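Student:
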Amino acid sequence: MAWTKTEANSLLAIDQQVGKHYFSPSAYEIIRRVIYETGDFDYVSHLHFSDRALSAGAAALAARTAIVVDVPLIQTAIAPVAQNCFANSIYAPWEHHRSYTLPTLAKRHPEGIFVIGQQQRTLSTFLDLLDHEQIKPALAVMTNPKFIQMDEIEAKLEALTVPHIRVIGRKGNASVAVGILNGLIDLLGKFIPNPKLSKLSCPNSKPLPILTNSKNKPGLRSMLSQLFVR
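Numbering (our numbering), first residue to last: 32 to 261.
Shown next, in the form of structure tokens:
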């Protein structure tokens, strides 16, 4: 994404405030985007990246995996960049439409990218679907606030084996999820595969012709695992 002068100066101010850190470049880019979206520096210590979260999420985005979100606000916020870069379909549940409940969307896209940014009830449904092995997300992003049963929910989240990015503790909101998704999309936009694989491209992207399944060269997932370390 092309930043305006004001946005670039804001990111510079964030870098100065955070100072020295030990995050990987890719993880830090996500963190600074979350701070930019929320104005809250607490997220430096409140974001957790599981193993393979960034590489798995990037590979899923590049493969045009469907994205299932819990509220329309997130859908609206990430749609322009996601659809312009990779043409990912984005779905949000409709409370009064049977075809668009979370269980129905999960059944249609069991290996999708799931984003729970606001609703704790939706997070509970999502965890139940995981427990019953009805879904196997390519990536789960969980940033909703936890007002009740926080300790119980945190224990379940800590035990997750699927690639995920989550907020530790009680705080969180949809804007955090937006920052995570837009940050990941922007990062991947710099390393889009050969343009022949897609008619769409992100602003300021550069092709990586080595992203191939050739026996002599690494495939997309293995290359992304090197680019998007935690």
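Glycine included, each C-beta is placed from N, C-alpha and C at the ideal position.
All values reported here derive from a predicted model rather than from experimental measurement.
#1: Answer with buried or exposed for Ile66, where buried requires no fewer than 16 other C-beta atoms within 10 angstroms of its C-beta.
#2: Count the other CB atoms, across all protein chains shown, that sit within 10 Å of the CB of Tyr74; report buried if there are 16 or more and exposed otherwise.
#3: Check whether the region 97-109 and the region 199-215 are in contact - that is, three or more C-beta pairs closer than 8 Å.
#4: Measure from the alpha carbon of Leu133 to the alpha carbon of each residue in Ser155, Ala113, Gly148 and Pro124, then state which is nearest.
#5: In angstroms, rounded to a whole number, what distance separates the CA positions of Lys227 and Leu158?
#6: If you measure from the beta carbon of Pro194 to each beta carbon in chain B, is any gap under 8 Å?
#7: Taking only the alpha-carbon atoms, compute the straight-line gap between Ala90 and Gly50 and give it to the nearest angstrom.
#8: How is Phe178 classed by DSSP in three states: helix, strand or coil?
#9: What is the DSSP secondary structure of Leu78, reduced to helix, strand or coil?
#10: Quick check: Ser270 and Leu161, are their CB atoms within less than 8 Å of each other?
#11: Rounded to whole angstroms, what is the Cα-Cα separation between Phe117 and Leu170?
#12: Using C-beta distances below 6 Å, list every residue in its chain close to Ile98, excluding the 5 sequence neighbours before and after it, in chain order.
#13: Where do the N-terminal and C-terminal ends of the alpha helix (DSSP H) with Ile66 fall, by residue?
#14: Do you know how far the Cα of Ser55 is from the Cα of Gly70?
#15: Please name the residue in Ile216, Val193 and Gly220 whose C-alpha comes closest to that of Ala84.
#16: Determine the DSSP secondary structure at Tyr131, reduced to helix, strand or coil.
#17: Going by the CB atoms, is the gap between Ile211 and Val172 shorter than 8 Å?
#18: Could you check where the beta strand (DSSP E) with Ala171 kicks off and where it finishes?
Tutor: According to the structure data:
#1: On the sequence shown, position 35 is the one that residue 66 refers to. Looking at its Cβ environment, which holds 16 or more other Cβ atoms inside 10 Å, Ile66 is buried.
#2: The residue labelled residue 74 in the question sits at position 43 within the sequence shown. Within a 10 Å sphere around the beta-carbon of Tyr74 sit 16 or more other beta-carbons, which makes this residue buried.
#3: yes
#4: Reading the sequence shown from its first residue, position 102 is the one you call residue 133. Ranking Ser155, Ala113, Gly148 and Pro124 by Cα distance to Leu133 puts Pro124 first.
#5: What you label residue 227 is simply residue 196 of the sequence shown in a count that begins at 1. What you label residue 158 is simply residue 127 of the sequence shown in a count that begins at 1. Because the pLDDT of Lys227 is 35, which lies under 50, any placement of that residue in the model is unreliable, and the question is left without a value.
#6: The question asks about chain B, but that chain is absent: this structure has only one protein chain.
#7: On the sequence shown, position 59 is the one that residue 90 refers to. On the sequence shown, position 19 is the one that residue 50 refers to. Between the alpha carbons of Ala90 and Gly50 lies a gap of roughly 30 Å.
#8: Looking up residue 178 in the sequence shown gives position 147. Looking at Phe178 - three-state DSSP - the assignment turns out to be coil, as it is neither helix nor strand.
#9: Taking the sequence shown and counting its residues from 1, the one referred to as residue 78 is at position 47. Leu78 falls in the strand class under three-state DSSP.
#10: No information on residue 270 is available, as it lies outside the stretch 32 to 261 that the chain covers here.
#11: Here residue 117 refers to the residue found at position 86 of the sequence shown. Here residue 170 refers to the residue found at position 139 of the sequence shown. In a straight line, the C-alpha of Phe117 is about 16 Å away from that of Leu170.
#12: Residue 98 sits at position 67 when you count from the first residue of the sequence shown. The answer, listed in chain order, is Asn119, Ile121 and Ile144.
#13: Position 35 of the sequence shown, counting from 1, holds the residue named residue 66. From DSSP, the alpha helix (DSSP H) with Ile66 extends over Pro56 to Thr69.
#14: Within the sequence shown, the letter at position 39 stands for residue 70. Within the sequence shown, the letter at position 24 stands for residue 55. Rounded to the nearest angstrom, the two C-alpha atoms are 21 Å apart.
#15: Residue numbering aside, residue 84 sits at position 53 when the sequence shown is read from its first letter. The shortest Cα separation from Ala84 among Ile216, Val193 and Gly220 belongs to Val193.
#16: By 1-based counting over the sequence shown, the position of residue 131 is 100. Helix.
#17: Counting from one through the sequence shown, the residue named residue 172 turns up at place 141. Counting from one through the sequence shown, the residue named residue 211 turns up at place 180. Closer than 8 Å, so yes.
#18: Here residue 171 refers to the residue found at position 140 of the sequence shown. Unbroken beta strand (DSSP E) run through Ala171: Leu170 to Met173.
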